[in-house]
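>
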Amino acid sequence: MDNRCVLAGRIWNGDVFEDGYVIVNNKKIEDIQYGRYSGFPDFKGCILPGIINTHTHVADAGLKIDKHYSLEELVAPPYGLKHIYLNETPPDKLKSNITAYVSTLRKKGVSKIIDFREGGIKGSAMLRTLFPEAIILGRPISANFDTNEIDDILGYADGIGISSVSDVSHKYIDAIAEEVHKKKKILALHVSERFRENIDYVTSLKPNFVVHMVHATSTDIAKCVDNNISIIVCPRSNLYFGMKAPVNSMINAGANVSIGTDNAMLTPDSNIFNEAKIFDKLLSVSNREKGETFRSLIARGRELLHDNSSLETMIGKKADIIAVPCREEHILANGCTNLIHFY
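In this text, residue positions in the sequence shown follow numbering that gives the first Met the number 0: the first is 0, and each later residue adds one.
1. Let's see if you can read the secondary structure: which residues bound the alpha helix (DSSP H) around Arg235?
2. From the DSSP output, in three-state form, read off Cys325 for me.
3. Hey, would you say Glu117 sits closer than 9 Å to His82, going by beta carbons?
4. Nearest by alpha-carbon distance to Ser229: which of Asn237, Ile220, Arg235, Ser236 is it?
5. Thinking Asp151 and Ile134 are a contact (beta carbons under 8 Å), I'd like their distance in whole angstroms, please.
6. As a quick exercise: from Cys45, Gly13, Ala187, Gly34, pick the residue whose alpha carbon is nearest that of Ile339.
7. So which of Asn207, His211, Phe272 has the shortest CA-CA distance to Arg193?
8. Taking the C-alpha atoms as reference points, what is the distance between Gly8 and Pro40?
9. Just verifying my parser: in three-state terms, what is the DSSP assignment at Lys280?
10. Between Ile50 and Leu310, is the Cβ-Cβ spacing less than 9 Å?
11. What runs of the beta strand (DSSP E), each 3 residues or longer, lie entirely inside the segment 174-221?
12. Could you tell me the distance, in whole angstroms, from the CA atom of Val347 to the CA atom of Val101?
13. Over what stretch of residues does the beta strand (DSSP E) that includes Ala99 continue unbroken?
14. Phe39 by DSSP, collapsed to three states: which one?
15. Tell me whether the segment 9-25 and the segment 81-95 touch, counting them as touching only if at least three CB pairs, one residue from each stretch, are closer than 8 Å.
16. State the DSSP-derived secondary structure class of Gly13, mapped to helix, strand or coil.
17. So, under 8 Å CB-CB, Val256 and Val232 are touching, yes? Tell me the CB distance rounded to an integer number of Å.
18. So, helix, strand or coil for Val164, using DSSP?
19. Taking the alpha carbon of Ser163 as the point to measure from, which residue in Asn307, Val190, Glu148 has its own alpha carbon closest?
20. Let me check understanding here. Comparing Cα to Cα, which of Leu303, Gly34, Tyr84 lies closest to Ser113?
21. When the distance is taken between beta carbons, is Ile321 closer than 9 Å to Gly108?
22. Could you please give me the residues that DSSP links to Asp18 through a beta bridge?
23. Just reading off the beta strand (DSSP E) that Glu29 is part of, what are its end residues?
24. Return the CA-CA distance between Cys325 and Asn270, expressed in angstroms with no decimal places.
25. Can you tell me whether Asn262 is helix, strand or coil according to DSSP?
26. What do you get for Ala332, buried or exposed, if any count of 16 or more other CB atoms within 10 angstroms of its CB means buried?
27. Does the beta-carbon of Glu274 have 16 or more other beta-carbons within 10 angstroms, so that it is buried, or is it exposed?
28. Quick check: what's the CA-CA separation for Cys4 versus Tyr36?
29. Is Asp18 buried or exposed, if buried means 16 or more other CB atoms sit within 10 Å of its CB?
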């Protein structure tokens, strides 16, 4: 496209799609207008902001899955196949695989990732060097709580991502949570992925968000809502392990539910729109008709980072937008394989 182009069609206004057009000039948004465009645009379709992929593990992108594994066999620390791979793969190879995977994520519409980065200080430092704009949630490797280790990780990371409250002692997790809150950083953890976990203990940690919640009850979800704890779901990785997140219960309870792709080894196509397609199928007809999938895909991930999903906030700024050559009702059906990402 030329330096200045007109993108017309259906624009995400922060909550729904409506008719309008966007003028992009030198990769910046020059203007946005609502209503039908009367001329001949350079592009016609849907225009929406770049997607926040709210849960990734990009470091395992090079791990090839040769058979079906259980959750414990594949990801449980410290002897799950993923952890063996991360420990035995040379750093340069990890960097190469991470770079290739994130590059593909961007081409498919993701502008930012929230990554649970294993590997202690070195793991967080590596990802920060490769992608300064990533939201990194580091993970300590010491067997016992070490204030210096947490502080050093937080020198590179935006917070700490804990594998599960069932994987380490509560005393250890309590100390991590206290240190993270003291530093005013992000605290997040996987919850109720393998089995239902104690939601009262989880909420006592005051995490910013939790991931998965596939075994959560309606009471567990309500307690997250009451404590302003957002929920991230990863439909395809859950399905790989034979599980489904109760997304209708989450939406109906008023939870802030966003979507992530989880482990790169399980989603090598790196397409978050395919993730959203599965999410959409899990919804009831009424929630689907209300556009809840698009809100979870587009708006709620940005809300998680206190960022407005309305394109108007980008006027005069770098155009972090996606142009898809179809109407919104067709986006999830084709997986957006032919989108244009201005980034």
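From the three backbone atoms N, C-alpha and C, an ideal C-beta is built for every residue, glycine too. Bear in mind the structure is a predicted one, so any value in this text is a computation, not a measurement.
On the basis of the data shown:
1. Note, Arg235: alpha helix (DSSP H), 234-239.
2. The three-state secondary structure of Cys325, taken from DSSP, is coil.
3. Less than 9 Å divides the Cβ of Glu117 from the Cβ of His82.
4. Checking every option, the nearest Cα to that of Ser229 belongs to Ile220.
5. That belief does not hold up - the Cβ atoms of Asp151 and Ile134 are roughly 18 Å apart, past 8 Å.
6. Closest option to Ile339, judged by alpha-carbon separation, among Cys45, Gly13, Ala187, Gly34: Cys45.
7. Taking only the C-alpha atoms, the option nearest Arg193 is His211.
8. Here the alpha carbons of Pro40 and Gly8 stand approximately 9 Å from one another.
9. For Lys280, the secondary structure class from DSSP, reduced to helix, strand or coil, is helix.
10. Taking 9 Å as the Cβ cut-off, Ile50 and Leu310 do not qualify as a contacting pair.
11. Entirely contained in the segment 174-221, the beta strand (DSSP E) runs reaching 3 residues are, in chain order, 185-190, 208-211.
12. Residue 347 lies beyond the range of the chain shown here (0 to 342); nothing can be said about it.
13. Counting along the chain, Ala99 falls outside any beta strand (DSSP E), though it belongs to the alpha helix (DSSP H) covering 90-106.
14. Assigned with DSSP and collapsed to three states, Phe39 falls in coil, not helix or strand.
15. No, the segment 9-25 does not touch the segment 81-95.
16. Gly13 falls in the coil class under three-state DSSP.
17. Right, the Cβ-Cβ distance comes to about 6 Å (below 8 Å), so this counts as a contact.
18. DSSP places Val164 in coil when its eight states are reduced to three.
19. Ranking the options by Cα distance to Ser163, first place goes to Val190.
20. Before going further, note that residue 113 is Ile rather than Ser in the sequence given. For the set Leu303, Gly34, Tyr84, the Cα lying nearest the Cα of Ile113 is the one of Leu303.
21. Going by C-beta atoms, Gly108 is nearer than 9 Å to Ile321.
22. Checking the DSSP bridge columns, you'll see Asp18 partnered with Arg9.
23. Going by DSSP, Glu29 is part of the beta strand (DSSP E) stretching over 27-33.
24. Going by the C-alpha atoms only, they are around 17 Å apart.
25. In this structure, Asn262 counts as strand in the three-state DSSP scheme.
26. Exposed, because fewer than 16 other Cβ atoms sit within 10 Å of the Cβ of Ala332.
27. Buried: at least 16 other Cβ atoms inside 10 Å.
28. Using only the alpha carbons, I get a separation of about 13 Å.
29. Asp18 should be labelled exposed.
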